[in-house]
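Participant:
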Amino acid sequence: MESSRPCKSCRERTLITDDITGCLVCSSCGIVQDFDNFQHHFGGISGPTGTFVQAGTAGSGTVYSYKETKIYKAKQTLEHLTKLLNFWPSKTDEVRIMVETITEGEYGQGDWFPVFIGACAYVVMRTDSKSLPLIEVADKVGCDVYELGRMVNRVVQSLQLKLPEFDIVNLFERAMQTCFGGVSVGEDKIERMLKQGIFLVQCMVKWYLTSGRRPVPVVAAVLVFVAQLNEVDVRIEDVAMELNVTVATSKSRYKELLECLVKVAQVLPWGKDITVKNIVKNAPFVIQYMELKSMSNLGEKRKSLKHVGFDLDDLVGDCLKKKVEYSMDSYSMVNDSQYFEVQDKNSPSGWSVDDLEELKISPECLRKIYSELSNEVCNAQSMGESSHNRRKRGRGFDLFDCRDWWKGKSDLSKKLFLKKILEKDVGLNPMPPSFVNGCLTYQRRREKINAAKLRIDKIMCPSNANSGDNYNLCISKSINVGKKRRRKRIKVDTDWEDFIIETLLLHRVKEEEIEKGHYNTLLDLHVFNSGNM
Numbered sequence: 407m408e409s410s411r412p413c414k415s416c417r418e419r420t421l422i423t424d425d426i427t428g429c430l431v432c433s434s435c436g437i438v439q440d441f442d443n444f445q446h447h448f449g450g451i452s453g454p455t456g457t458f459v460q461a462g463t464a465g466s467g468t469v470y471s472y473k474e475t476k477i478y479k480a481k482q483t484l485e486h487l488t489k490l491l492n493f494w495p496s497k498t499d500e501v502r503i504m505v506e507t508i509t510e511g512e513y514g515q516g517d518w519f520p521v522f523i524g525a526c527a528y529v530v531m532r533t534d535s536k537s538l539p540l541i542e543v544a545d546k547v548g549c550d551v552y553e554l555g556r557m558v559n560r561v562v563q564s565l566q567l568k569l570p571e572f573d574i575v576n577l578f579e580r581a582m583q584t585c586f587g588g589v590s591v592g593e594d595k596i597e598r599m600l601k602q603g604i605f606l607v608q609c610m611v612k613w614y615l616t617s618g619r620r621p622v623p624v625v626a627a628v629l630v631f632v633a634q635l636n637e638v639d640v641r642i643e644d645v646a647m648e649l650n651v652t653v654a655t656s657k658s659r660y661k662e663l664l665e666c667l668v669k670v671a672q673v674l675p676w677g678k679d680i681t682v683k684n685i686v687k688n689a690p691f692v693i694q695y696m697e698l699k700s701m702s703n704l705g706e707k708r709k710s711l712k713h714v715g716f717d718l719d720d721l722v723g724d725c726l727k728k729k730v731e732y733s734m735d736s737y738s739m740v741n742d743s744q745y746f747e748v749q750d751k752n753s754p755s756g757w758s759v760d761d762l763e764e765l766k767i768s769p770e771c772l773r774k775i776y777s778e779l780s781n782e783v784c785n786a787q788s789m790g791e792s793s794h795n796r797r798k799r800g801r802g803f804d805l806f807d808c809r810d811w812w813k814g815k816s817d818l819s820k821k822l823f824l825k826k827i828l829e830k831d832v833g834l835n836p837m838p839p840s841f842v843n844g845c846l847t848y849q850r851r852r853e854k855i856n857a858a859k860l861r862i863d864k865i866m867c868p869s870n871a872n873s874g875d876n877y878n879l880c881i882s883k884s885i886n887v888g889k890k891r892r893r894k895r896i897k898v899d900t901d902w903e904d905f906i907i908e909t910l911l912l913h914r915v916k917e918e919e920i921e922k923g924h925y926n927t928l929l930d931l932h933v934f935n936s937g938n939m
């Protein structure tokens, strides 16, 4: 069949179709016509396979489907995050199994998926009673700690798990390895600091300083304190940065620890002179007292001097040595000598036979005290020039002279359950700080309510008001200074909270509801009538 189209070579209209190839050929010159064998293929994704795009793929030249690619990238993200958290292979497998269980093998992609992996990693470690702070996971994942906490709650609810209580002792051990792993500190000193830190951490648990608080700042505060006790130069800012916590919060926990130790120290003979500023220098005696107190029998009844709870062997050996020099920033040697000098036996205030009979010291105990004092004198003499140079220091407290104050025999130096910790007596049983602050807040609001009622009564009933009372009103007083006239503003104590309380009282809101402090809700219900709109 000839075509009406001319040949590209001879321009004759003698084109015919070849039966074998299907191409157009000129019957005059025999030239095959180019680009004349195009065939259109009809069909969808299940049609014939194309040249560059294979049927059922995304068109990027890969042979994997969308689901396979998503799972592959999700597993890469999981491996990367668990590597950042220093997980060993078994823990990584547990995280992967948990992710597959919750997502039913679909994994996921997007900004939420790394947060989800971090939450699963935290739950795995927490279930195994291992310490992994949320703030550390949030730092590795790159999300907010509150967002991570909400994801952890969703994971726990999805798997219907019950997490064990947080192990703050394990967290302290982990912090010790993190902060002092690469520092040139002796192993014996590290072990000593570890036991002292565990003792103080569990004391803070008993003092409710960890209730409702983040545990990492508490650990940072204890770590800095035990480092100071053992003459290790550590700054609280560096520790907070290493543990990814706020410096201000760590300083607050450190201050609370010092305040509690000061309260415990009040039972010492020189306790009235111990403050937050010099508690670190007196800490060996305070901690020794706490350790001995925790080892005592709670059911034992004591009389007079026995209430203090001292072990007289160690007390005599540590406190009544003349050769030990105590120098404080605010107290000189003369001021402190009253506590460490043994009085003359002929003085009226000295120790008598009746006092010794009251203390009931056995001959074995006296022999032990004498032997310990003899050994300490021999050790002090053998120290030689190094000890002489150390005592020549102008300021500071030489903890080397009290190197034997830490015994480490208390059960609080080991990990204990919460019930056992609360049963121990360390010389102080305070109320929880949150409870105390709540009571003070309620009391402050009650005082503000009473003051607001007085101000309202003064305005509504001037005849009943006392003219001599000084109310918190904003007053401007004019005074003349030469030719200039200047206004002097008197400081007032009335703030926005007082005005809100006055408004609520005028709208007949119950005082019990105002004491709770939900001002916005009360204003919406009683003042703006938002509930009726």
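First residue of the sequence shown? That's 407 in the numbering used here, and the numbers climb one at a time after it.
The C-beta atom is built at its ideal place from N, Cα and C for all residues, glycine as well.
Return yes when the Cβ of Val530 is within less than 8 Å of the Cβ of Lys489, no when it is not.
Facilitator: Not closer than 8 Å, so no.
Participant: Using the Cα positions of Cys429 and Ile437, report the straight-line distance between them to the nearest angstrom.
Facilitator: In a straight line, the C-alpha of Cys429 is about 10 Å away from that of Ile437.
Participant: Straight-line CA distance for Tyr552 to Asn650?
Facilitator: If you take the alpha carbons of Tyr552 and Asn650, they lie about 15 Å apart.
Participant: Going by CA-CA distance only, name the one from Asp440, Val638, Val501 and Gln563 that's closest to Cys585.
Facilitator: The shortest C-alpha separation from Cys585 is found at Val638.
Participant: Just checking my contact of Ser700 with Leu828 at CB under 8 Å: how many whole Å lie between their CB atoms?
Facilitator: Rounded, the Cβ-Cβ distance is 12 Å, inconsistent with contact.
Participant: Tell me Cys432's beta-bridge partners as DSSP assigns them.
Facilitator: Beta-bridge pairing links Cys432 to Leu421.
Participant: Thinking C-beta only, is Ala525 closer than 8 Å to Phe493?
Facilitator: Their beta carbons are not under 8 Å apart, which means Phe493 does not touch Ala525 by this criterion.
Participant: Would you mind reading off the limits of the alpha helix (DSSP H) that contains Ile865?
Facilitator: Unbroken alpha helix (DSSP H) run through Ile865: Pro839 to Met866.
Participant: Please state the DSSP three-state secondary structure of Val438.
Facilitator: It is a strand residue.
Participant: Taking only the alpha-carbon atoms, compute the straight-line gap between Gly618 and Pro868 and give it to the nearest angstrom.
Facilitator: Approximately 48 Å, taken between the alpha carbons.
Participant: Going by Cα to Cα distance, which pick from Ile503, Lys683, Thr655 and Lys854 is closest to Glu643?
Facilitator: When only C-alpha atoms are compared, the closest one is Thr655.
Participant: In three-state DSSP terms, what is Gln539?
Facilitator: First, the amino acid is wrong: residue 539 is Pro here, not Gln. It is coil, neither helix nor strand.
Participant: Go ahead and label Cys413 buried or exposed: buried means 16 or more other beta carbons lie within 10 angstroms of its beta carbon, across all protein chains shown.
Facilitator: Buried is the call here.
Participant: What are the boundary residues of the alpha helix (DSSP H) that Ala627 is part of?
Facilitator: Segment Pro621 to Leu635, the alpha helix (DSSP H) holding Ala627.
Participant: Do you know how far the Cα of Pro539 is from the Cα of Val607?
Facilitator: The straight-line gap from Cα to Cα measures roughly 16 Å.
Participant: Ends of the alpha helix (DSSP H) at Gln563?
Facilitator: From DSSP, the alpha helix (DSSP H) with Gln563 extends over Val551 to Leu565.
Participant: Using CA coordinates, which residue listed in Lys601, Ser471, Glu542 and Leu635 is at the minimum distance from Pro623?
Facilitator: Nearest option by C-alpha distance: Glu542.
Participant: Classify His483 as helix, strand or coil using the three-state DSSP reduction.
Facilitator: The sequence given here places Thr at residue 483; His does not occur at that position. Helix, per DSSP.
Participant: Select from Phe631, Thr681, Asp679 and Lys687 the residue whose C-alpha is nearest the C-alpha of Tyr660.
Facilitator: Nearest C-alpha to Tyr660: Phe631.
Participant: With burial defined as no fewer than 16 other Cβ atoms inside 10 Å of the residue's Cβ, what is the status of Cys435: buried or exposed?
Facilitator: Exposed, since its Cβ has fewer than 16 Cβ neighbours within 10 Å.
Participant: Which residues in the same chain as Val591 place their Cβ atom closer than 7 Å to its Cβ, once the five residues preceding and following it in sequence are excluded?
Facilitator: Same-chain partners within the cutoff: Val638.
Participant: How should Trp613 be labelled, buried or exposed, when 16 other C-beta atoms within 10 angstroms of its C-beta is the threshold for buried?
Facilitator: Buried is the call here.
Participant: With Glu662 as the anchor, note down where its alpha helix (DSSP H) starts and where it stops.
Facilitator: Segment Val653 to Val670, the alpha helix (DSSP H) holding Glu662.
Participant: Please list the terminal residues of the continuous alpha helix (DSSP H) segment that includes Gln515.
Facilitator: Per DSSP, Gln515 belongs to no alpha helix (DSSP H) and is neither H nor E.
Participant: Please work out which residues of its chain come closer than 8 Å, Cβ to Cβ, to Gln672, disregarding the five sequence neighbours upstream and downstream, and give them in chain order.
Facilitator: Contacts found: Lys678 and Ile680.
Participant: Check this for me: beta carbons of Leu629 and Met582, under 8 Å apart or not?
Facilitator: Yes. Within cutoff.
Participant: The alpha helix (DSSP H) that contains Phe691, what's its start and end?
Facilitator: Its alpha helix (DSSP H) spans residues Ile685 to Met701.
Participant: Starting from Tyr925 and walking both ways along the alpha helix (DSSP H), at which residues does that stretch end?
Facilitator: Note, Tyr925: alpha helix (DSSP H), Tyr925 to Leu928.
Participant: Express the C-alpha separation of Trp676 and Asp742 in angstroms, rounding to a whole number.
Facilitator: For Asp742, the predicted structure reports a pLDDT of 45, less than 50, and the residue's modelled location is therefore unreliable. A value from the coordinates is still provided. Straight-line Cα distance between these residues: approximately 9 Å.
Participant: Taking the continuous alpha helix (DSSP H) assigned at Arg580, which residues delimit it?
Facilitator: Segment Ile574 to Phe586, the alpha helix (DSSP H) holding Arg580.
Participant: Does the contact criterion of 3 or more C-beta pairs under 8 Å hold for the stretch 591-600 versus the stretch 821-835?
Facilitator: No, because fewer than three Cβ pairs between the stretch 591-600 and the stretch 821-835 fall closer than 8 Å, the two stretches do not touch.
Participant: Is it the case that the Cβ atoms of Glu665 and Val640 are separated by a distance below 8 Å?
Facilitator: Cβ atoms of Glu665 and Val640: not closer than 8 Å.
Participant: Assign Gly548 to one of three DSSP states: helix, strand, or coil.
Facilitator: Residue state, collapsed to three classes: coil.
Participant: For Val933, which residues from the same chain have a beta carbon less than 8 Å from its beta carbon, with the 5 sequence-adjacent residues on both sides left out?
Facilitator: Within the same chain, Val933 has close Cβ partners Thr909, Leu910 and His913.
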